[in-house]
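Scroll down for the structure; my scribbles are underneath it.
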């Protein structure tokens, strides 16, 4: 039996399995809500979305619309393994991957002699690995030694929300995330402009070569990289595209972009999935070009995956 998938980029957990319901969340307000180290962004209008030939209309990237945002704070990087460990140490929190007992791992990151596991229909590179979690990102034989400054992965939307509650922060809305990712550049595909590799320079951690068989690692990485590996954009944001998908606060519905409010939009009122932004180290133009500032997808909030993390925000 295989697991169902929400997209080629990040599978959703099949909740038909007898998995435990979420539990063990820390009490809200466990953190101070400190904005130390965060970036303050003034309220502004910007053009959100894309309708160019690289966009996925079925994902609800368009129409391009003018959106007005109030001032807010946002973290310049995704939450690292070190930061997530501090949260777990302070609260005793167990992630959904730990409670379910397994998570999705990209097969290329598993040892050659790793025993066969169930795959995902249509995307066999995703493997259901018993014992995989943020503590063991490549399966039970792995740990976080040497990757403390990499993004915490195998973190569900519910887990990310629990971290934010503890820290006194919140997840960014999709509009806030995209505004921060654009870095003040109007209408471009990437945080630095429209060229994927300007002057041949790699600006993000994505797949090079023939997916999923060969990765040339021309950008220097195979799996995740440290959260500040590549140059920051004009707002001081690191790795907004590539590396890991990042959870946003909004529910996901491809059809709401045209009707959502144009001031501080917060997504649809209902929906089973939550939005994720930015693409990951597995994105490649041959099958998934969602490594753009307008790229998006919806994932079940209890799903944990080896290419999905998050960053935090706070209203000013």
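Numbering (the working numbering), first residue to last: 478 to 793. Here a beta-carbon is modelled for each residue, glycine too, at the ideal position from N, C-alpha and C. Remember, predicted model here, so these are calculated numbers, not experimental data.
- If you look at residue 600, you'll find it in the beta strand (DSSP E) that goes 600-607.
- Classified as buried, residue 630 has 16 or more neighbouring CB atoms from the shown chains inside 10 Å of its CB.
- DSSP places residue 565 in the uninterrupted alpha helix (DSSP H) bounded by 558-568.
- C-alpha of residue 546 to C-alpha of residue 594: approximately 45 Å in a straight line.
- In terms of CA proximity to residue 589, 618 leads the group 618, 673, 534 and 681.
- In terms of Cβ geometry, residue 734 and residue 540 form a close pair [threshold 9 Å].
- Rounded to the nearest whole angstrom, the C-alpha separation of residue 754 and residue 622 is 27 Å.
- A check of alpha carbon separations from residue 745 across 537, 605 and 524 identifies 537 as the nearest.
- Residue 542 places its beta carbon less than 9 Å from that of residue 525.
- For residue 638, the enclosing alpha helix (DSSP H) stretches over residues 634-644.
- Just measuring C-alpha positions, the residue of 655, 672 and 680 sitting nearest residue 742 is 655.
- Unbroken alpha helix (DSSP H) stretches of 4 residues or longer found wholly inside the stretch 509-592: 558-568 and 573-577, given in chain order.
- Comparing C-alpha distances from residue 703 to each of 628, 669 and 730 shows the shortest one belongs to 628.
- Fewer than three Cβ pairs drawn from the stretch 760-774 and the stretch 693-703 lie within less than 8 Å of each other, which leaves the two stretches out of contact.
- Apart from sequence neighbours up to five positions away, the residues of its chain that approach residue 709 with a beta-carbon distance below 6 Å are 715, ordered along the chain.
- In terms of Cα proximity to residue 604, the closest of 612, 585 and 613 is 585.
- When the Cα atoms are used, residue 570 and residue 764 turn out to be separated by approximately 36 Å.
- The C-alpha of residue 760 is placed about 27 Å away from the C-alpha of residue 641.
- If the five residues before and after residue 706 are omitted, its C-beta is found closer than 7 Å to the C-beta atoms of 682 and 716, all from its own chain and listed in chain order.
- The continuous alpha helix (DSSP H) containing residue 658 extends over residues 651-659.
- Residue range 722-728 is occupied by the beta strand (DSSP E) that includes residue 727.
- By alpha-carbon distance to residue 611, the top candidate from 600, 572 and 520 is 572.
- DSSP places residue 775 in the uninterrupted beta strand (DSSP E) bounded by 773-776.
- The beta carbon of residue 575 sits closer than 6 Å to the beta carbons of 610 from its chain, once the five residues preceding and following it are set aside; these are given in chain order.
- For residue 790, the enclosing beta strand (DSSP E) starts and ends at 790-792.
- Within the same chain, Cβ atoms closer than 6 Å to the Cβ of residue 696 are found at 679 and 682, the five residues on either side in sequence being excluded.
- In the DSSP annotation of this structure, the continuous segment of the beta strand (DSSP E) that includes residue 752 starts and ends at 751-754.
- For residue 614, the number of other beta carbons within 10 angstroms of its own is at least 16, and it is reported as buried.
- In the structure shown, residue 687 falls within a strand segment according to DSSP collapsed to helix, strand and coil.
- Counting of Cβ neighbours within 10 angstroms places residue 567 among the exposed residues, the total staying below 16.
- Pairing residue 693 with residue 769 gives a Cβ-Cβ distance that is not under 9 Å.
- With respect to the C-alpha of residue 534, the residue from 752, 732 and 740 having the closest C-alpha is 732.
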